[in-house]
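Protein chains in written order, with the working numbering: chain A, 4 to 358; chain B, 4 to 358. All residues carry an ideal CB built from backbone N, CA and C; glycine is no exception. Working notes, beginning with the structure itself.
There are 2 protein chains.
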Amino acid sequence: MILQNEIKMTNRTRIFPFLFLAVLLIFNSGCRSNDSKEQPVATSASVNDDPLPSWNETGHKKAIISFVEKITKEGSADFVPVAERIATFDNDGTLWSEQPMYFQFIFTFDRIKAMAPLHPEWKNKQPFKAALEGDYKLVMESGADAINALVMAVSQGYTSNEFAQIVKDWLETAKHPTTGKLYTEMVFQPMVELLEYLRANGFKTYIVSGGGVEFMRPFTEKAYGIPPEQVIGTSFKMKFEMQDGKPEIVQIPEVNFVNDNDGKPIGIFQYIGRRPIAAFGNSDGDLEMLQYTTSGSGLRFGALVHHTDAEREWAYDRKSPFGHLDKALDEAKAKGWTLIDMKNDWKIVYAFEMN
Amino acid sequence: MILQNEIKMTNRTRIFPFLFLAVLLIFNSGCRSNDSKEQPVATSASVNDDPLPSWNETGHKKAIISFVEKITKEGSADFVPVAERIATFDNDGTLWSEQPMYFQFIFTFDRIKAMAPLHPEWKNKQPFKAALEGDYKLVMESGADAINALVMAVSQGYTSNEFAQIVKDWLETAKHPTTGKLYTEMVFQPMVELLEYLRANGFKTYIVSGGGVEFMRPFTEKAYGIPPEQVIGTSFKMKFEMQDGKPEIVQIPEVNFVNDNDGKPIGIFQYIGRRPIAAFGNSDGDLEMLQYTTSGSGLRFGALVHHTDAEREWAYDRKSPFGHLDKALDEAKAKGWTLIDMKNDWKIVYAFEMN
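Okay, structure coming up:
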């Protein structure tokens with residue numbers, strides 16, 4: 004994700020100037036303090052027979068159900084054995100919101116501030132000084148290595164369990180700057196239902212995200228029903244180390260794998276070893292995953308969540324720095340991938356709308 | 004495995020001089036041509052109530068069953084939720100034999116010979132020339148890079164499906180040099196039963212091997228009931244590439260990850276994201292995996308398959324180049340890990356003994 008600058012320039016790396024302008028605007032305006040109840044976000048919206056109750060009765064919902072019915076019908080030409088029912092999902096912008104910036108970025112800035120008392124040297128050391136002073140413009144001008152330094156600083160030195168707890172604590176308390184909701188309340192209820200529906204039909208559901216794997220694993224099981232071993236993401240290198248006689252896995256400040264763009268099908272191959280039969284994304288970072296998935300033999304399903312709802316969520320595609328959707332939008336139209344229209348296809352976006 | 008020289012010297016890299024002496028002896032004596040029937044190797048030995056019918060009624064069998072009964076007993080202090088029931092298994096020497104050398108090595112030499120007609124340049128290019136002429140001593144003297152070149156040469160340029168088919172074809176026809184059996188007939192029936200028993204009790208079973216992941220995935224589902232996505236191994240780097248308009252994942256001749264020694268717990272963390280509660284190995288290459296597994300909180304199970312049966316399989320430990328078991332043997336005794344005694348604990352070693 005924000006580490007991929009070390010490998011090559013991609014959409015996500017080009018967004019920083021926009022990001023920090025956005026950050027300035029948001030943080031200067033202060034966070035709303037809407038009280039958000041701690042409600043379960045991953046439960047079904049309904050107990051009736053409709054497997055996708057938060058979806059409107061549009062052609063896209065029918066296309067999903069038709070695909071699942073075909074590949075599960077034994078004896079049919081389209082039948083796919085359970086073992087091969089692999090479905091992969093991008094996370095940011097596909098399973099939860101990604102505006103005004105990837106939630107992991109907000110986490111990183113929050114952590115830098117929270118950790119500052121333990122790092123008095125940060126006051127006089129860039130890019131930490133700038134981050135602490137809210138001078139995001141200066142952080143940006145310092146370049147990709149400086150930004151990577153911030154991201155790595157918030158996870159280095161912790162054991163895996165310790166870092167997971169930090170993420171959990173943040174997710175239980177931090178509020179989104181414009182909705183005032185917990186970040187885990189901003190998962191898309193229709194997509195949670197889709198995940199459950201696929202699993203009920205024998206699918207193994209995976210997250211395949213440019214986000215950091217250690218940031219995602221602490222919450223994906225509760226939010227999406229996806230266990231840690233089915234989360235593929237960008238990762239750091241690790242080392243094995245004895246701490247007080249107990250072996251622990253700790254991070255090395257070096258990028259291991261950037262799971263975005265062509266990294267997505269590569270990650271899928273290295274972790275899963277099979278070509279998925281269905282893939283869901285929302286940006287150009289998902290293009291290669293959808294190409295890889297839909298070009299396998301037999302019936303395949305490729306879909307993009309199109310952010311068309313400025314009222315309930317956000318509306319953006321070709322011009323957005325986050326979730327930039329341009330090339331993949333053209334290819335979706337050319338290849339007949341399903342373009343999930345958030346505004347028209349989804350009865351609700353977030354579970355809290357039901358209250 | 005044989006690629007890890009690029010990272011550091013480990014047991015497996017020190018064994019090559021021994022290996023090639025062994026190869027010379029074996030290949031010079033010619034392969035036995037015992038006819039081996041193509042029988043299923045992964046079926047249970049019995050349909051009675053005993054979950055481990057190929058195990059003798061020793062303390063080690065009782066220890067395994069006692070562990071499983073304790074961690075599955077709801078309400079008990081030792082209870083472990085299903086999601087956390089992760090068991091990891093080394094492959095070579097733990098789930099199938101590894102003498103007179105790792106079976107993947109035999110595959111590599113066989114493939115170099117089979118591919119030679121398509122590579123006339125190999126006749127005059129080392130280390131291929133030496134490999135083709137059976138001059139393994141010269142291959143060895145050429146060093147680790149030369150050996151890596153052989154291993155990479157047999158998988159480069161193929162799509163993942165193509166390479167998987169090559170492995171499958173080899174496993175269906177190639178015979179072990181001393182037993183004359185198919186290599187997949189040399190899986191350990193007691194361990195296949197153990198895998199099934201653990202899965203029946205809610206475990207996810209993983210292979211965590213120094214072997215190449217692309218060599219293992221084509222046969223682990225049939226042989227052990229372990230799907231490709233639960234096989235963690237040594238891997239090459241990959242690239243995403245369009246071939247006639249179809250996206251494929253193909254190898255780059257560069258090592259991605261060496262899944263041996265401390266690489267095992269690192270691989271476990273990166274792929275699974277949880278500390279296993281049970282781990283099974285047989286050599287010093289498994290030491291860190293067992294340390295990592297058994298040092299977690301709550302009840303844990305660590306075991307080593309000790310090769311003590313010169314008659315039915317092989318007897319070796321501290322002095323063997325393959326499956327070198329020295330430090331881990333001492334630590335097993337010191338820490339009370341279960342030392343599975345092949346000769347005394349196993350009623351049969353291979354399923355074909357039942358015929």
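At the level of alpha carbons, what is the spacing between residue i and residue j?
i, j, result
"residue 235(B)", "residue 352(A)", "37 Å"
"residue 218(A)", "residue 284(A)", "19 Å"
"residue 80(A)", "residue 208(A)", "23 Å"
"residue 145(A)", "residue 158(A)", "20 Å"
"residue 247(A)", "residue 296(B)", "16 Å"
"residue 164(A)", "residue 171(A)", "11 Å"
"residue 335(B)", "residue 104(B)", "24 Å"
"residue 339(A)", "residue 148(A)", "39 Å"
"residue 118(B)", "residue 106(B)", "18 Å"
"residue 244(B)", "residue 162(B)", "10 Å"
"residue 138(B)", "residue 337(A)", "56 Å"
"residue 156(B)", "residue 124(B)", "13 Å"
"residue 225(B)", "residue 187(B)", "9 Å"
"residue 185(A)", "residue 175(A)", "7 Å"
"residue 305(B)", "residue 343(B)", "10 Å"
"residue 324(A)", "residue 357(A)", "30 Å"
"residue 77(B)", "residue 76(A)", "37 Å"
"residue 113(A)", "residue 223(B)", "45 Å"
"residue 53(A)", "residue 122(A)", "53 Å"
"residue 350(A)", "residue 160(A)", "44 Å"
Which whole-angstrom value describes the C-beta separation of residue i and residue j, a residue pair presumed to lie in contact below a C-beta threshold of 8 Å?
i, j, result
"residue 252(A)", "residue 268(B)", "6 Å"
"residue 326(A)", "residue 309(A)", "The pair is not a contact, with the Cβ atoms about 10 Å apart (cut-off 8 Å)."
"residue 194(A)", "residue 98(A)", "5 Å"
"residue 273(A)", "residue 241(B)", "7 Å"
"residue 266(B)", "residue 95(B)", "That pair is no contact at about 15 Å."
"residue 302(A)", "residue 74(A)", "6 Å"
"residue 220(A)", "residue 276(B)", "5 Å"
"residue 189(B)", "residue 57(B)", "Incorrect: roughly 15 Å between the Cβ atoms, too far for contact."
Suppose the cutoff is 7 Å on Cβ atoms and the five residues either side in sequence are ignored; what does the same chain contact list for residue i look like?
i, result
"residue 270(A)", "211, 235, 260 and 262"
"residue 166(B)", "158 and 217"
"residue 83(B)", "74, 280 and 301"
Apart from the five residues just before and just after residue i, which ones in its own chain have a Cβ nearer than 6 Å to its Cβ?
i, result
"residue 173(B)", "110"
"residue 239(B)", "254 and 259"
"residue 321(B)", "329"
"residue 85(A)", "205"
"residue 341(A)", "63, 66 and 306"
"residue 233(B)", "209"
Quick check: does the Cβ of residue i come within less than 7 Å of any heavy atom belonging to the ligand SAH?
i, result
"residue 273(B)", "Looking at this structure, you won't find the ligand SAH or any other ligand, since it has none at all."
Here's a check: name, in chain order, each residue in its chain whose Cβ is nearer than 8 Å to the Cβ of residue i, leaving out the five neighbours to either side.
i, result
"residue 347(A)", "59, 61 and 311"
"residue 141(B)", "129, 130 and 133"
"residue 135(B)", "115, 116, 119, 125 and 126"
"residue 35(A)", "Here the model assigns residue 35(A) a pLDDT of 30, short of 50, so the residue's position is not dependable, and the following value carries that caveat. Cβ neighbours of residue 35(A) beyond the five flanking positions: 178, 180, 181, 182 and 183."
"residue 55(A)", "64, 67, 68, 193, 196, 197 and 200"
"residue 202(A)", "208 and 228"
"residue 71(A)", "200, 201 and 204"
Does the beta carbon of residue i sit closer than 8 Å to a beta carbon anywhere in chain C?
i, result
"residue 117(B)", "Of the chains in the structure shown, none is chain C; the protein chains are A and B."
Touch check for the segment 285-298 of chain A and the segment 326-342 of chain A: three-plus C-beta pairs under 8 Å?
-> yes
Interfacial residues, the segment 76-90 of chain B to chain A, with Cβ spacing under 9 Å | 86 and 89
Evaluate contact between the segment 57-67 of chain A and the segment 173-181 of chain A, counting only Cβ atoms and requiring at least three cross-stretch pairs below 8 Å.
-> no
Along the segment 248-273 of chain B, what residues have a CB closer than 7 Å to any CB found in chain A?
-> 249, 250, 252, 265, 268, 269, 272 and 273
Spell out a yes or no on whether the segment 275-282 of chain A and the segment 87-98 of chain A are touching, meaning 3 or more CB-CB pairs, one atom from each, closer than 8 Å.
-> yes
Near-chain B residues of the segment 296-308 of chain A - C-beta to any C-beta below 8 Å | 298
Contact residues within the segment 194-215 of chain B, judged by C-beta distance below 7 Å to chain A | none
Would you say the segment 186-204 of chain A touches the segment 213-230 of chain A, given that touching needs at least three Cβ pairs under 8 Å?
-> yes
Any chance the segment 126-134 of chain B sits against the segment 311-319 of chain B, with 3 or more Cβ pairs inside 8 Å?
-> no
What residues in the segment 271-295 of chain A bring their beta carbon closer than 9 Å to a beta carbon of chain B?
-> 271, 272, 273, 274, 275, 276, 277, 278, 291, 294 and 295
Output, in sequence order along the chain, the residues in the segment 225-246 of chain A whose CB is closer than 8 Å to any CB in chain B.
-> 230, 231, 232, 234, 238, 241, 242 and 243
Interface residues of the segment 156-186 of chain A facing chain B [CB-CB below 7 Å] = 163
Below 7 Å between beta carbons is the criterion; list the residues of the segment 92-115 of chain A that meet it against any residue of chain B, in chain order.
-> none
Relative to chain B, which residues along the segment 310-324 of chain A have a C-beta separation below 8 Å, given in chain order?
-> none
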